[in-house]
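Visitor:
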Amino acid sequence: MLSTAILIATTLVCLSLILNLWRLFIGPSRPDRILALDTMYINSIALIILFGISSATTLYFEAALLIAMLGFVSTAAMCKYILRGDLIE
Amino acid sequence: MEFWIELVVSVFLVIGAVFVFIGSLGLAKLPDFYTRLHAPTKATTLGMGCLLIASVILVTYQQGYLSLHELLITLFLLITAPVTAHMLAKTAMHHQLHITDKTEDKELSERARERMNP
Numbered sequence: 002m003l004s005t006a007i008l009i010a011t012t013l014v015c016l017s018l019i020l021n022l023w024r025l026f027i028g029p030s031r032p033d034r035i036l037a038l039d040t041m042y043i044n045s046i047a048l049i050i051l052f053g054i055s056s057a058t059t060l061y062f063e064a065a066l067l068i069a070m071l072g073f074v075s076t077a078a079m080c081k082y083i084l085r086g087d088l089i090e
Numbered sequence: 007m008e009f010w011i012e013l014v015v016s017v018f019l020v021i022g023a024v025f026v027f028i029g030s031l032g033l034a035k036l037p038d039f040y041t042r043l044h045a046p047t048k049a050t051t052l053g054m055g056c057l058l059i060a061s062v063i064l065v066t067y068q069q070g071y072l073s074l075h076e077l078l079i080t081l082f083l084l085i086t087a088p089v090t091a092h093m094l095a096k097t098a099m100h101h102q103l104h105i106t107d108k109t110e111d112k113e114l115s116e117r118a119r120e121r122m123n124p
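Residue numbers (my numbering), protein chains in the order written: chain A, 2 to 90; chain B, 7 to 124.
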């Protein structure tokens, strides 16, 4: 039952990544594309956690934490950049 | 593995994945940027919380001790999602993006755009 649940969850997360990629391509404005990238890193954290559950190891949680931190910093930096035109004033 | 632990973990995994999918579906389908901002920052964060709770239960059962690594990721996502949403909304107002016609009190967005940081 657990392997079936992992399969369903992985399929749904991969479908969400495809939808995010679609929004990243067609997104009419730059904030749309930043939002799509932001959602993509959160979904890739979900994928890493599902892989960690399916392979029964706790090795990948540090990688997920690192992606969470760097993703937030990069989103904040891109927002600041297109809001003000430079990063450090 | 005991049956009820497997059941609880499976239910949490499927619910979390469905919420993550709903968030991305909203990002793809909704009409303008301000409505699109709602889907990933709320539904996806809830879905990630469910997935990480499933992971906590499973790892705690497998390793035999309480594992709280994953709650750190949940906490970090819960803190950063509203900050990201706020910065993206300010950016969108600064760029005067298209607002869908059903939005009420559209003229307030102009005043919010003019307001400077404290």
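No residue lacks a Cβ here, since even glycine has one placed at the ideal position from N, Cα and C.
Computed from a predicted model, the values in this text were never measured in an experiment.
#1: Which two residues bound the contiguous alpha helix (DSSP H) that contains T11 (chain A)?
#2: CB-CB under 7 Å to A64 (chain A), same chain, minus the five flanking residues each way: which ones, in chain order?
#3: If contact means a Cβ-Cβ distance below 9 Å, which residues of the region 36–55 of chain B contact chain A?
#4: Taking all protein chains shown into account, do 16 or more other C-beta atoms lie within 10 angstroms of the C-beta of R24 (chain A), making it buried, or fewer, making it exposed?
#5: When the cut-off is 8 Å and only beta carbons count, does A118 (chain B) lie next to chain A?
#6: Tell me which residue opens and which closes the alpha helix (DSSP H) that K35 (chain B) is part of.
#7: Cα separation between L81 (chain B) and R119 (chain B)?
#8: Could you please tell me which residues of the region 74–98 of chain B, in chain order, have their CB closer than 7 Å to any CB of chain A?
#9: Kindly indicate if chain B contains any beta-carbon less than 8 Å away from that of F73 (chain A).
Guide: The relevant details are as follows:
#1: Taking the first residue of the first sequence as 1, we reach residue 11 (chain A) at position 10. L3 to I27 is the extent of the alpha helix (DSSP H) around T11 (chain A).
#2: Residue 64 (chain A) sits at position 63 when you count from the first residue of the first sequence. Here the set comprises I49.
#3: F39, R42, L43, A45, P46, T47, T50, T51, G53 and M54
#4: For the purposes of this step, residue 24 (chain A) is taken as residue 23 along the first sequence, with counting starting at 1. R24 (chain A) is buried by the Cβ-count criterion.
#5: Within the second sequence, residue 118 (chain B) is the residue found at index 112, counting from 1. So, not an interface residue.
#6: Locating residue 35 (chain B) in the second sequence gives position 29, counting from the first residue. Per DSSP, K35 (chain B) belongs to the alpha helix (DSSP H) from F9 to K35.
#7: Mapped onto the second sequence, residue 81 (chain B) falls at position 75. Mapped onto the second sequence, residue 119 (chain B) falls at position 113. Computed Cα separation, rounded: 31 Å.
#8: H75, E76, L78, I79, F82, L83, T86, T90, M93, L94, K96, T97 and A98
#9: For the purposes of this step, residue 73 (chain A) is taken as residue 72 along the first sequence, with counting starting at 1. Closer than 8 Å: yes.
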